[in-house]
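Remarks on the structure that follows.
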Amino acid sequence: MNAWYKAFRTPLAATLAVAATLLAAPPARALDNGLARTPPMGWNSWNSFHCDVSARLVEATADAMVASGMKAAGYTYVNIDDCWLLKQRGPHGELVPDPKKFPGGIKAVADYVHAKGLKLGIYESAGTTTCAGYPGSIGHEDQDARQFASWGVDYLKYDNCGDYRGESYRQRYTAMRDALAKSGRAIVYSICEWGNEAPWTWAPAVGNLWRTTQDITPRWHSDQPANHYPQGILDILDQQAALSHASRPGAWNDPDMLEVGNGYLNDDENRAHFSLWALLNAPLIAGNDLRHMSDAVRAVLTNREVIAVDQDWGGRQGYRVRRDGHAEVWAKPMSDGSVAVILLNRGRGPVKIATSAREIGVKAADSYTVRDLWKHASTTSRGRIEAAVPTHAVAMFRVWPGAHGAAGA
Ligand code: GLA
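Right, dumping it as structure tokens:
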């Protein structure tokens, strides 16, 4: 071991080195709008309904969010994605909601959603058109933001389609940030530029969350390269492994909306997808049809012990601890000194996966409380954490040093 390396192994020198790095490159400050202090939770129309949106769908979804127990579990935003508007702006340059889909306009839907104690989200694009070819907001940022605010919109997903008129990503997304700030309404700002220009390096100062990848699809694995559409659960997961440092309260990496309950995902895959997104501090934006979901899917989306991992106030994103072939260990430090851990089996056939309290960074103790977040049962361990994990599945635990109140709960 050379002297330089040895010097950096001592705790004081390591601390000084980290401090020097932080001083040399201060992280971009988070957007200071006070919103999304924990990752936003809600629903969005795109993954299940694409352009088939309407007031009736949004209102029935708000009803279902309450009736299913999702609201009680923390879900708040009911978000309309693309295709809510007409192909032409109105005579004063304003956006016009499609009267066939939204006969009473957006304000009426917002009122309905608000009366349920929920919030409404809408969609636009930082180019000349939305991805489905409707008018985009470039050049109209102030006017559109004012319109959203006057309707009572609480959340904007801002996409990246159409012509950019020679403007940079930063310019286009900053223009809408400033327009939203001027609108006078508290509107969560969700940047959707698909990870194209490494948004984790600049978007924390611009938006509350930013997509990190191309669009998600309800498959375990898509076999597509990362810059291609669409991406499976594992493809997206692999692109998050290096991004944990970038998120913090008010500013989140967004590995795209949930596909729990959609397409080809089975129960184990749904649980794995939800667990991993929670460990990544992802926005938990359901993308299934809430009006017609099975009890199994509802149970996944409302697992409060897993949601608590996502919503931890400290907002430290989880990271990949180790990968051995198809077996992986992921961990996330929680604000109360516990650590959430996922044992992931990416492949086919059951695998025994093990880690230790020490490996995932739990403070040393004589014994540990290990809570299974899917079985809702606690055990005591001397430090070893292991499970036989089936095909395409996870085991998820939360580990406390010593005895913890949740034990046996
Ligand atoms: C892009 C976004 C999707 C969705 C569609 C709508 O593909 O990434 O999430 O909003 O546009 O057209």
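Residues in the sequence shown are numbered consecutively from 1070, following the working numbering.
All residues carry an ideal CB built from backbone N, CA and C; glycine is no exception.
Given the structure is predicted, the values throughout are model-derived calculations rather than measurements.
Under the three-state reduction of DSSP output, Gln1216 falls in the helix class. Annotation for Ile1285: Pro1299, Gln1300, Ile1305, Asp1325, Met1326, Glu1328 place their beta carbon closer than 7 Å to its own, counting only its chain and skipping 5 residues before and after. Here Pro1352 is buried: its Cβ has 16 or more other Cβ atoms, across all protein chains shown, within 10 Å. Cβ-Cβ separation between Ala1105 and Val1257: approximately 5 Å, consistent with a contact (criterion under 8 Å). Around the beta carbon of Tyr1224, 16 or more other beta carbons lie within 10 angstroms, which makes this residue buried.
Residue environment: Glu1210 is assigned as buried (16 or more neighbouring CB atoms within 10 Å of its CB, all protein chains considered). Annotation: the continuous beta strand (DSSP E) that includes Asp1393 extends over 1388–1393. The residue from Pro1160, Thr1449, Ala1433, Leu1348 with its alpha-carbon nearest to that of Val1463 is Leu1348. Under the three-state reduction of DSSP, Arg1453 is assigned to strand.
A Cβ-Cβ distance of about 7 Å is found for the pair Ser1206 and Ala1195, placing them in contact under the 8 Å criterion.
Sequence-distant partners of Val1431 (beyond 5 residues in either direction) whose C-beta falls short of 6 Å from its own C-beta, in its chain, are Val1408, Val1468, Pro1470. Secondary structure within the stretch 1414–1456: the beta strand (DSSP E) runs of 3 or more consecutive residues, fully enclosed, are 1420–1425, 1437–1441, 1446–1450 (chain order).
Going by beta carbons, Pro1108 and Tyr1146 fall outside the 8 Å limit. When C-alpha distances from Ala1377 are compared across Gly1356, Leu1345, Val1366, the shortest belongs to Leu1345.
Separation of Ile1422 and Trp1263 (C-alpha to C-alpha, rounded to the nearest whole angstrom) is 33 Å.
Shown here for Arg1427: same chain residues with a beta carbon closer than 8 Å to its own, the five before and five after excluded, namely Ala1433, Gly1452 in chain order.
CA-to-CA, the gap between Ser1404 and Gly1356 works out to about 29 Å.
Asp1441 and Ile1429 have their alpha carbons spaced roughly 16 Å apart.
About 27 Å separates the beta carbon of Leu1164 from that of Asp1101, a gap too long to meet the 8 Å contact definition. The criterion of a C-beta distance shorter than 8 Å is satisfied by Thr1449 and Thr1438. With a cutoff of 8 Å on beta-carbon distance, Trp1269 and Leu1312 are scored as near each other.
The alpha-carbon separation between Asp1336 and Ser1237 amounts to approximately 42 Å. In the three-state reduction of the DSSP assignment, Ser1259 falls in the strand class, which pools E and B. At least 8 Å separates the beta-carbon of Trp1115 from that of Leu1359. In this structure, DSSP gives Tyr1333 a state outside helix and strand, which the three-state scheme calls coil.
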